[in-house]
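Numbering (my numbering), first residue to last: 6 to 334.
As structure tokens, then:
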């Protein structure tokens with residue numbers, strides 16, 4: 006940890022108990038670095054924060070797609086009946102079914118939906134996987150582009166090759182600088198420098214060039230359907246309606262990306278990584294950087310990241326402190 010790293014400090018009894026280092030980059034509409042803390046060149050995996058870019062082939066190939074279906078293709082959804090209904094509608098457009106999804110299976114993130122499956126003695130299906138909308142969108146993108154649906158999750162598939170190219174193009178880096186791993190849902194997980202990830206979100210905030218219509222469609226779908234992007238009580242769903250013209254997308258291991266269209270400094274892209282993957286630090290960093298960029302932070306927003314820690318009996322037992330020493334320029 007260096008002197009310029011951001012930190013989220015959880016204290017108990019006045020003593021620091023846990024410290025989460027934070028790396029963050031802010032990029033303006035022209036793609037220039039505006040501010041950072043920690044290592045803006047850190048090569049890291051946005052994980053599900055890549056979903057708005059992964060949905061671009063779908064938006065390009067089917068510009069008339071309803072916004073809710075494009076939103077679910079960008080989502081890490083909670084598996085509620087509302088989410089599943091949109092995924093099924095998107096699957097039907099490509100003549101696909103849940104059996105064609107290669108994301109795997111896990112219980113719904115939403116506790117009510119998970120409990121209902123247990124009550125009915127039913128097992129989760131691939132539809133309940135938080136990435137099923139992304140996979141349904143990928144299957145439809147394959148059909149629209151004349152690519153095979155078989156093997157759509159593999160690195161060498163034309164869809165995944167195109168998605169990697171889009172990360173490089175929008176991130177302003179060479180293709181070789183977009184490194185590859187495999188995500189939890191089996192599609193390629195792409196790693197790139199943090200400032201390049203911020204640039205992806207800056208392009209969402211201020212679309213330009215040949216990709217502008219598709220970028221605008223993704224931005225509008227995310228901001229118009231925040232519930233579909235995540236679900237009840239989850240950060241993307243609760244934060245976006247509170248900040249005008251904000252498209253936000255969380256990724257696993259405490260990555261976060263934000264496309265902020267209306268800031269005092271104009272459209273901005275923001276990306277940060279909590280180094281140890283401590284996801285509890287994420288809302289605290291999100292609010293701190295928005296405030297540093299001139300966004301008014303309301304009481305409703307502060308409730309997403311309380312500064313006081315309470316135990317199960319309701320007693321105050323500690324605090325959460327955020328240090329975000331932004332270096333400008």
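Where is the CB? At the ideal position from N, CA and C, for every residue including glycine.
Since we're looking at a predicted model, the values are computed, not measured.
query, result
"Applying the 10 Å Cβ sphere with the 16-neighbour rule, what's the burial state of residue 272?", "buried"
"Do you know whose CA, among 200, 289, 195, lies nearest residue 240's CA?", "289"
"Between the C-alpha atoms of residue 13 and residue 329, what's the straight-line distance to the nearest angstrom?", "8 Å"
"Could you tell me which of 105, 103, 17, 145 sits nearest to residue 62, measuring between CA atoms?", "145"
"Can you grab the Cα-Cα spacing for the pair residue 132 / residue 86, in whole Å?", "10 Å"
"Is the separation between the beta-carbon of residue 76 and that of residue 255 shorter than 8 Å?", "no"
"Please say whether residue 310 and residue 298 have beta carbons closer to each other than 8 Å?", "no"
"From residue 56 to residue 24, what does the alpha carbon distance come to, in whole angstroms?", "29 Å"
"Between residue 314 and residue 287, what straight-line distance do the alpha-carbon atoms span, to the nearest angstrom?", "15 Å"
"Taking Cβ to Cβ, would you say residue 266 is nearer than 8 Å to residue 318?", "no"
"So, under 8 Å CB-CB, residue 91 and residue 73 are touching, yes? Tell me the CB distance rounded to an integer number of Å.", "5 Å"
"Which residues in the same chain have their Cβ closer than 8 Å to the Cβ of residue 109, if we skip the five residues on either side of it in sequence?", "131, 134, 189, 190, 191"
"Jot down the residue ranges of each uninterrupted alpha helix (DSSP H) in the segment 201-258, minimum 4 residues, whole runs only, in chain order.", "217-229, 231-234, 240-244"
"Run the CB neighbour count on residue 165, radius 10 Å, all protein chains shown included, and call it buried at 16 or more, exposed below.", "buried"
"Within its chain, find whatever has a CB closer than 8 Å to the CB of residue 58; leave out the 5 residues flanking it on each side and keep chain order.", "168, 171, 172, 175, 205"
"Cα separation between residue 331 and residue 60?", "31 Å"
"On the premise that residue 182 lies in contact with residue 198, defined as a C-beta separation below 8 Å, what is that separation, rounded to the nearest angstrom?", "7 Å"
"State buried or exposed for residue 118, treating a residue as buried only when at least 16 other CB atoms are found within 10 Å of its CB.", "buried"
"Measuring only the C-alpha atoms, how far is residue 151 from residue 233?", "28 Å"
"Bridge partners for residue 185 per DSSP, in chain order?", "195"
"At which residues does the alpha helix (DSSP H) containing residue 144 begin and terminate?", "137-150"
"Once the 5 residues before and after residue 141 are set aside, which same chain residues still bring their CB inside 6 Å of it?", "92, 95, 96"
"When the Cα atoms are used, what is the spatial distance from residue 200 to residue 178?", "10 Å"
"What does a CB cutoff of less than 6 Å around residue 6 pick up in its chain, not counting 5 residues either side in sequence?", "The pLDDT assigned to residue 6 is 44, lower than 50, so where the model puts this residue is not dependable; a value taken from the coordinates is nonetheless given after this. Result list for residue 6: 26, in chain order."
"Looking only at C-alpha atoms, which of 104, 316, 185, 216 sits nearest to residue 18?", "316"
"Should residue 274 and residue 259 be called a contact, given that it needs their Cβ atoms to be closer than 8 Å?", "no"
"Residue 280: buried (16+ other C-beta within 10 angstroms of its C-beta) or exposed?", "buried"
"Nearest to residue 208 by alpha carbon, out of 251, 244, 35, 20?", "35"
"Grab the span of the beta strand (DSSP E) containing residue 315 for me, first residue to last.", "313-315"
"Specify, as a first and last residue, the run of the beta strand (DSSP E) that residue 33 falls within.", "20-33"
"Using only the alpha-carbon positions, how far apart do residue 22 and residue 325 sit?", "10 Å"
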